[in-house]
Every structure is written in C-alpha cells, then in structure tokens.
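Visitor: Per my numbering, residue 649 is the first one in the sequence shown, and the count goes up by one each step.
Glycine is no exception: its CB is placed at the ideal position from the N, C-alpha and C atoms.
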Amino acid sequence: MNIPVTSVEGKKLATDFLATPRKHLINGKWVASQSGKTFPVYNPADGQVIAQAAEGDKADIDLAVAAARAAFERGPWPKMTPSQRAKLLWKLADAIDAHADELALLETLDNGKPLKLARMADIPGSAEKFRYNAGWATKLNGETMSANKPGDWHMYTLREPVGVVGLIVPWNFPLMMAANKMAPALAAGCTVILKPAEQTPLTALRLGELIQEVGFPEGVVNIVTGFGETAGAALSEHPGVDKISFTGSTEVGKLILKAATGNLKRVTLELGGKSPIIIFPDADLDRAIPAAANGIFFNSGQVCAASSRLYAHKDVFDKLVEGVAKHAEKLKVGPGTEPDTDFGPLVSQEQIERVTGYLKAGADAGARVVTGGKRLDREGYFVQPTVFADTSHDMSIVREEIFGPVLSASSFSDDDLEQISAKANDTTYGLSAYLWTQNLGIAHKMAKKLKAGTVCVNTFGLDLAVPFGGYKQSGWGRENAREGVETYTEIKSVIVGL
Ligand code: NAI
Ligand code: MG
C-alpha cells in the first residue's frame, strides 16, 4: 500500500494500527466479539481490504451497556467535578492534535476523502469539538424560581446527566461525527457506547486508544463496531440505554424512534437533507459560484447539509451553472492519499450504486447534463462531479437525498419571495438553506420564510457555537451550542416548603 503522509512516524503508527485486527473497547479493555466474528474494512480508492474489525452484536452491546451503567452509577466518573471532566476533554483534544498525521491517514484510507481535507477539517475539527464542549462542562446549571403561590418556598432545578447514551454515527465524517456526540455527552457527565459506521470504524477505534491514554475511567467510553441492523439495532432498543443520539439516514432514524419506544429513551436525530441554495440576481457571483460548487462537491457530496438544489434567478442562471461546472471540471479526482487530490471516491460499493442510479434517473427524466454524469472507468468508487440543469420538481434527483456530488439546478424568474421560498420549502427535508444576495431586507425576510434548521446568508458553513439540526424529516433536536450539550441532560425540579 502506498501511503504518502507528512510524518514517517504517523505513517508507521497507521500501518501498525491497520495490521492488527481491531477489537471492541468495553469497560476499559479491548475485547473480541463474543461470537468471535470479524468483518473486513475496505479502502474506497481501490476496493481492497485494509483492516479487520470485530463484528459486534447484541451480546457485545449488552456488555458495553453494563459497563457504561456501572461507570455512570459508581466509580470515579460521577464523583469527578465538571472541571476535572473538562480537563480530560482538553487532554483528549490535545492527543488528537498530537496524532493528527496518523488519524488523517487512517480517515483517508477508510473513508476515501482527500488527505488534505482530513488533515485540515476532520481531525482538527474533531479536537475542537472536545475543546468547545469542555467549556460547557462547568456551565451546566439549574435555576431558581420565584413561587407563584402564597407561602414561603425555595424552588430550583438541577441539571443532571441523562445517563447511559448510545451514539450511532455515519461514515461521511467518521471521527468528527463521533466527537460531535461524544464530547457534549461526556461534558454533561454521561457515559457512552459508540457504534461507528461499519464502512468506517477505524478512527473511532484509534480515538478509543487515545481516550485510554489520557486517563478516562474505564467504562465511561465504550466502542462497539458492527453492522447497523445488528449492533446498531441492539443499542437502540436496549432497555439499559437512556438516550440515543443518531446521525444517518431518515429511514434508519425512523427505525431508531420505533426501537426507542420500549423504554421511551430520549432520542436526538440528525438526518438527511435536500438543502436549497438560492441565488438572487444581485449576488456576488465571484463568491457565490465557488460556494455553490463547494456546497455540493465538498467531501464528494457526502454531506447532510450539502446544497444540492440550486435555484438561481434567470438573469444569473447561465453564468452560475457554467461557473459551477467549470469548478467541477477543475477538481483533481483521485485517491485521497495523493497530495494534490481535491475529490476522492465515494465511500462504498453501496453508495456508488446509489449515486449512479440517480445519475441515470436524472438523465432518463430529461434533465440536462451540464458536466459529469458518469462513474469513472477505474478501480475504486469514483464518480464524476455532476451538474444537472433544467430540472423540475417531480424528478427524483430533485426530491430525494442523493448523498453524492450531484447538483440539480433550475431558474426562477419572479421576484416574489413567497413563490421562491415555497419552491425551496417544497421538500420533506429541512436541514439547511443557503441564500446569496446583497440585499439585507431580502436576506432577513427569506431567513424567516425558509423552513430549515440553519439558514446561511452569503456563506457555506457551520459553527460549533450555533445550534445545528433539522426541521421536518431532517431530524429531532439540535446539536452544537448550548442546546447540543443540554440534550444530554435532564432537568430535575426541587420544591421546598420553608
Ligand atoms: P444508515 O442510516 O444506514 O447508517 C448510519 C448509521 O446507522 C451506521 O452506523 C449504521 O450502522 C447505523 N444503522 C443502520 N441501520 C440501523 C438500525 N436498523 N438500527 C440502528 N442503527 C442502524 O446510512 P447508510 O445506509 O450508510 O447510507 C444511506 C443513506 O443515508 C445515504 O445515501 C444518505 O442519504 C443517508 N445518510 C445521511 C447521513 C447524514 O449525515 N445525515 C450520513 C450517512 C448516510
Ligand atoms: Mg443503511
């Protein structure tokens, strides 16, 4: 295997890591599956097996839940002060940074994304999730209330950790999604069982080793690898789990909700999207064009908040579509490990089949292929960055989440914001929406009209300080910000008659 990476040490660590069959982290120890089963992990750039992971099932989930419960109720974790928890989270963030080379390489080999993207976004972004949430650990408080009834009262709330939490994450940002859930859960004082995606278990397992190195007490973080239908389902229906936080498909989000009814565990869902990007005629096209392109081609389009539906005013439509297509054609497509690669393969055989299915459906439905439209004739799961124009709202490429580098573009001619927002809102999803205009009035009026959890004006991007989540079938609840950490807590009211 050819592994170009900046440091020799990082390369060696990653190679050693891949050579050893991986196990589950349960109660502070690395253990094989109860069944003894393993499954292969593939490199999407060439379809070759790069590692073996343990195939967890209900029996392994049972052990992990028991460990997390014991660590939550007893032992050092519940006795630690919020500031001691914060210190551990900071130490973990520093450990991630110290191992950035190696983690980035593992992420690239596992997921396919360009090494420079893993190195610049995924790995430092994961460290930042721990730092940001470390700050919340010391700021989660209850309130005191003034009584509404006569007499002498002392009334207050306690904000307590929700308990044992199952974290089920997808493969598009493997380490970052794990960090995104683990960091606030730990800051709040919960204990966790992480179930990484079966396509990309590696960096989560390396994170588990770092968690041990920096000194988290045993059982606070447990990691069970395996498939969704078995390990994931066992975790979501487990009566000993108090909450599930899930990121993935809307379809599985609904299954998790059903599984949660047994013990009415709390559920946070961050699901799919079909986010509109609306370009008004006064937009700064020099900025809007690369933003529209990055919004759909970044991470090979495997982004829940991808701006996959482009609506541009007819006066700027041609220029925009041509600009985005040019951008697509300039992207250097190749294995993520090559230093100049901008655009890597899709994650799996399943995803390449799904995306090429949509490429065919779009062409069959009569959408115009401006650029791309095909799978690349080479090993690995490579598809061309694609722009479809002249799309209409009944096409599946406009209605359904593709989760690949496929943009559907159409124009609008009227200036009626009601009409424009109605088109943007004509979707079962509501994760994000993007607007490009210089007109403040239009920007803020549209921000109110769009049914989406996040509206970005003249930018593409998120921030940890801002809540993130979906309207409609894009999810339940919010991640990031104060809301994101409070979702791992319960409120207890205390009423004292004085
Ligand atoms: P998925 O929703 O099946 O997988 C996400 C996670 O859920 C994985 O860890 C998986 O093992 C687990 N899972 C699967 N079935 C489960 C079950 N019955 N119970 C509990 N956990 C389960 O997503 P998949 O199949 O990998 O991708 C299909 C589509 O889902 C994508 O094309 C995309 O449209 C969407 N997706 C959305 C993501 C997002 O960020 N919102 C991330 C990944 C996929
Ligand atoms: Mg699935």
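Rounded to a whole number of angstroms, what is the C-alpha to C-alpha distance between Asn650 and Lys978?
Guide: Sequence index remark: in the sequence shown, residue 650 carries index 2 (1-based). Sequence index remark: in the sequence shown, residue 978 carries index 330 (1-based). The pLDDT assigned to Asn650 is 44, lower than 50, so where the model puts this residue is not dependable, and the model offers no usable value.
Visitor: If you reduce the DSSP assignment to three classes, tell me which class Lys677 lands in.
Guide: For the purposes of this step, residue 677 is taken as the residue at position 29 of the sequence shown. Lys677: strand per DSSP, three-state reduction.
Visitor: Would the beta-carbon of Lys843 be found less than 8 Å away from any heavy atom of the ligand NAI?
Guide: Within the sequence shown, numbered from 1, the residue matching residue 843 stands at position 195. Checking the Cβ of Lys843 against the ligand NAI gives yes.
Visitor: For Gly658, collect the residues of the same chain with a Cβ closer than 7 Å to its Cβ; drop the 5 residues on either side in sequence, then sort them by chain order.
Guide: Residue 658 sits at position 10 when you count from the first residue of the sequence shown. Answer for Gly658: Asp749, Glu750, Leu753, listed in chain order.
Visitor: Using 8 Å as the cut-off, can you tell me whether the segment 1071 to 1088 makes contact with the segment 1106 to 1123, which would need three or more C-beta pairs spanning the two stretches below that distance?
Guide: Yes: at least three Cβ pairs fall under 8 Å.
Visitor: By Cβ distance, which residues of its chain are closer than 7 Å to Ser1069, with the 5 residues on each side in sequence left out?
Guide: Against the sequence shown, residue 1069 aligns to sequence position 421. Met1094, Lys1097, Leu1098, listed in sequence order.
Visitor: Can you tell me whether Pro1175 is buried or exposed? The criterion is at least 16 other CB atoms within 10 Å of its CB, across all chains shown.
Guide: This structure cannot settle anything about residue 1175, because the visible part of the chain is limited to 649 through 1146.
Visitor: Can you tell me whether Ser897 sits near the ligand MG, meaning its C-beta is under 8 Å from at least one heavy atom of the ligand?
Guide: Counted from its first residue, the sequence shown places residue 897 at position 249. Yes, the Cβ of Ser897 comes within 8 Å of a heavy atom of the ligand MG.
Visitor: Can you give the Cα-Cα distance for Lys727 and Gln700, rounded to whole angstroms?
Guide: By one-based count along the sequence shown, residue 727 stands at place 79. By one-based count along the sequence shown, residue 700 stands at place 52. Distance between the alpha carbons of Lys727 and Gln700: 37 Å.
Visitor: Thinking Ala715 and Ile744 are a contact (beta carbons under 8 Å), I'd like their distance in whole angstroms, please.
Guide: Here residue 715 corresponds to residue number 67 of the sequence shown, with the count starting at 1. Here residue 744 corresponds to residue number 96 of the sequence shown, with the count starting at 1. About 23 Å; that fails the 8 Å criterion.
Visitor: Can you name, in chain order, every residue of its own chain whose Cβ lies under 6 Å from the Cβ of Ile816, other than the five neighbours on each side?
Guide: Residue numbering aside, residue 816 sits at position 168 when the sequence shown is read from its first letter. So the qualifying residues of the chain are Lys843, Gly880, Phe894.
Visitor: Just checking my contact of Leu905 with Gly1118 at CB under 8 Å: how many whole Å lie between their CB atoms?
Guide: Walking along the sequence shown from the start, residue 905 turns up at place 257. Walking along the sequence shown from the start, residue 1118 turns up at place 470. With 8 Å as the limit, Leu905 and Gly1118 do not qualify as a contact, their Cβ atoms being about 14 Å apart.
Visitor: Hey, which unbroken runs of the alpha helix (DSSP H) at 4 residues or more fall wholly within the segment 907 to 963?
Guide: Fully enclosed alpha helix (DSSP H) runs of 4 or longer: 933 to 945.
Visitor: Could you tell me if Ser794 is buried or exposed, where buried requires 16 or more neighbouring beta carbons within 10 angstroms of its beta carbon?
Guide: As a position in the sequence shown, residue 794 is number 146, starting the count at 1. With fewer than 16 Cβ atoms within 10 Å of its Cβ, Ser794 is classed as exposed.
Visitor: Return yes when at least one heavy atom of the ligand NAI lies under 8 Å from the C-beta of Leu853, else no.
Guide: Along the sequence shown, one-based indexing puts residue 853 at 205. No.
Visitor: In the structure shown, what three-state DSSP assignment does Ala1129 receive?
Guide: Locating residue 1129 in the sequence shown gives position 481, where the first residue counts as 1. Looking at Ala1129 - three-state DSSP - the assignment turns out to be helix.
Visitor: Strictly by DSSP, which residues pair up with Tyr690?
Guide: What you label residue 690 is simply residue 42 of the sequence shown in a count that begins at 1. The partner list for Tyr690 (beta bridge, DSSP) reads Val697.
Visitor: Relative to the alpha-carbon of Ala1072, which residue among Asp1012, Asp770, Gly921 has its alpha-carbon at the smallest distance?
Guide: In the sequence shown, counting from the first residue as 1, residue 1072 sits at position 424. Ranking the options by Cα distance to Ala1072, first place goes to Gly921.
Visitor: Spatial neighbours of Leu1146 within its chain, please: CB distance less than 7 Å, with the 5 preceding and 5 following residues excluded, ordered by chain position.
Guide: Along the sequence shown, read from residue 1 onward, the residue named residue 1146 stands at position 498. Within the same chain, Leu1146 has close Cβ partners Asp800, Trp801, His802.
Visitor: Taking the alpha-carbon positions, what's the Pro832 to Val810 distance?
Guide: Position 184 of the sequence shown, counting from 1, holds the residue named residue 832. Position 162 of the sequence shown, counting from 1, holds the residue named residue 810. Going by the C-alpha atoms only, they are around 12 Å apart.
Visitor: Give a yes or no on contact between the segment 998 to 1011 and the segment 963 to 980, applying the rule of three or more CB pairs nearer than 8 Å.
Guide: Flag = no, the segment 998 to 1011 and the segment 963 to 980 do not touch.
Visitor: On the CB-based measure, 16 or more other CB atoms within 10 Å of its CB, does Ile1143 come out buried or exposed?
Guide: Start at 1 with the first residue of the sequence shown, and residue 1143 comes out as number 495. Result: exposed.
Visitor: Classify Lys777 as buried or exposed, calling it buried when 16 or more other Cβ atoms lie within 10 Å of its own Cβ.
Guide: Here residue 777 refers to the residue found at position 129 of the sequence shown. Lys777 comes out buried.
Visitor: Please identify the residue among Arg717, Pro772, Gln732 whose C-alpha is closest to the C-alpha of Asp742.
Guide: Position 94 of the sequence shown, counted from the start, is the residue given in the question as residue 742. For the residues Arg717, Pro772, Gln732, the minimum Cα distance to Asp742 belongs to Pro772.
Visitor: Runs of 4 residues minimum, wholly inside the segment 760 to 843: which ones carry the alpha helix (DSSP H) assignment?
Guide: Qualifying alpha helix (DSSP H) stretches, in chain order: 771 to 785, 822 to 835.
Visitor: Just reading off the alpha helix (DSSP H) that Trp738 is part of, what are its end residues?
Guide: Numbered from its first residue, the sequence shown carries residue 738 at position 90. Its alpha helix (DSSP H) spans residues 730 to 746.
Visitor: Using CA atoms only, rank isn't needed, just tell me which of Thr1034, Asn828, Ile926 is closest to Pro1053.
Guide: The sequence position of residue 1053 within the sequence shown is 405, counting from 1. Nearest C-alpha to Pro1053: Thr1034.
Visitor: In chain order, what residues of the same chain have a beta carbon less than 8 Å from the beta carbon of Val1133, not counting five sequence neighbours either side?
Guide: If you number the sequence shown from 1, residue 1133 lands on position 485. Once the five neighbours on either side are set aside, the close Cβ partners of Val1133 are Asn781, Trp784, Leu788, Pro832, Ala835, Ala836.
Visitor: Can you tell me whether Val628 sits near the ligand MG, meaning its C-beta is under 8 Å from at least one heavy atom of the ligand?
Guide: Shown here, the chain extends from 649 to 1146; a query on residue 628 therefore has no answer.
Visitor: Under 8 Å: does the beta carbon of Gly951 sit that close to some heavy atom of the ligand NAI?
Guide: The sequence position of residue 951 within the sequence shown is 303, counting from 1. One detail in the question is off: residue 951 reads as Val in this sequence, not Gly. Yes - the ligand NAI has a heavy atom lying nearer than 8 Å to the Cβ of Val951.
Visitor: Can you give me the start and stop residues for the alpha helix (DSSP H) that Val1003 sits inside?
Guide: The residue given as residue 1003 occupies position 355 in the sequence shown. Val1003 -> alpha helix (DSSP H) spans 997 to 1012.
Visitor: Which first and last residues belong to the alpha helix (DSSP H) in which Ile859 is found?
Guide: Position 211 of the sequence shown, counted from the start, is the residue given in the question as residue 859. That run of the alpha helix (DSSP H) goes 850 to 862.
Visitor: When the Cβ atoms of the segment 685 to 699 are set against those of the segment 982 to 998, are three or more pairs found closer than 8 Å?
Guide: Contact between the segment 685 to 699 and the segment 982 to 998 is present, because at least three Cβ pairs lie under 8 Å.
Visitor: Quick check on this structure: which residue in Ser1056, Phe665, Phe1060, Asp1062 has the alpha carbon closest to the alpha carbon of Thr851?
Guide: Position 203 of the sequence shown, counting from 1, holds the residue named residue 851. Comparing Cα positions, the closest option is Phe665.
Visitor: Once the 5 residues before and after Glu986 are set aside, which same chain residues still bring their CB inside 6 Å of it?
Guide: Against the sequence shown, residue 986 aligns to sequence position 338. So no residue of the chain qualifies.
Visitor: Starting from Lys706, trace the alpha helix (DSSP H) in both directions and tell me its first and last residue.
Guide: The residue labelled residue 706 in the question sits at position 58 within the sequence shown. Unbroken alpha helix (DSSP H) run through Lys706: 706 to 721.
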